[in-house]
Amino acid sequence: MFLGKFLDSLKRCLRKQQVLSQFNHAIQSAYKKKWVVHCEPALASAEHVVKYLGQYTHRVAITNQRILSIKDGKVTFIAKDYRDNATKKPVTLDGVEFLRRFCLHILPSRFVKIRRYGIYNHTLKRRLDLQFVPETKPDIEQIIKQGKPPETR
102 MFLGKFLDSL
112 KRCLRKQQVL
122 SQFNHAIQSA
132 YKKKWVVHCE
142 PALASAEHVV
152 KYLGQYTHRV
162 AITNQRILSI
172 KDGKVTFIAK
182 DYRDNATKKP
192 VTLDGVEFLR
202 RFCLHILPSR
212 FVKIRRYGIY
222 NHTLKRRLDL
232 QFVPETKPDI
242 EQIIKQGKPP
252 ETR
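Just add 101 to wherever you are in the sequence shown, counting from 1, and you've got this note's numbering.
Here it is, written out as structure tokens:
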């Protein structure tokens, strides 16, 4: 039932814009496909949705709680060792190496991070990995000399 109503509404919209003939073949093939529509009731409230999405869209590379110590130019933090059943272990890195790894998680300006949709869709990941190589990587030594992180605009 949904299939028929949806495609009928789509055809009316395309007819109004006088472009129906360009999409007729695609619409006819859509009628032949089996559609499965999964509908669920709306979530509790807009606030609930924002909190849920916020868990995934605004995470940082490492939280302050995971950093154990910073001394003598070394940073010690807790990380999961996936080679050992994801057990949490302390890792100590040279400060420059820690900053280099942290900077790998800084998103380009105006880049929206939503996982599992768009370019983060797992089915596209392998194909896109080679297409989106950054033009330049941040120069860690230069960042340290300037004493400030690169601008993210």
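By construction, the Cβ of each residue, glycine as well, lies at the ideal position given by its N, Cα and C atoms. Keep in mind it's a predicted model, so treat the numbers as computed, not measured.
- Excluding sequence positions up to five before and after Ala180, its CB lies within less than 6 angstroms of the CB of Val192, all in the same chain and listed in chain order.
- Looking at the backbone, the Cα of Leu104 and that of His126 are separated by about 16 angstroms.
- If you ignore the 5 residues before and after Val120, its C-beta comes within less than 6 angstroms of no other C-beta in its own chain.
- Scanning its chain for C-beta atoms nearer than 8 angstroms, with the 5 sequence neighbours on each side dropped, one finds around Ala131 the residues Leu104 and Leu108, in chain order.
- In this structure, Cys204 is the residue among Lys135, Gln129, Cys204 and Trp136 with its C-alpha nearest to the C-alpha of Ile245.
- The shortest C-alpha to C-alpha distance from Ile241 to any of Arg202, Lys189 and Phe124 is the one to Arg202.
- Excluding five sequence positions before and after Leu194, the CB atoms of its chain that fall closer than 6 angstroms to its own CB belong to Val176, given in chain order.
- In terms of CA proximity to Gly174, Leu200 leads the group Asp182, Arg167, Asp185 and Leu200.
- Under the DSSP assignment, Leu194 falls outside any alpha helix (DSSP H), being part of the beta strand (DSSP E) whose first and last residues are Thr188 to Asp195.
- Per the coordinates, the alpha-carbon of His139 lies some 24 angstroms from the alpha-carbon of Cys114.
- Per DSSP, Lys112 has no beta-bridge partner at all.
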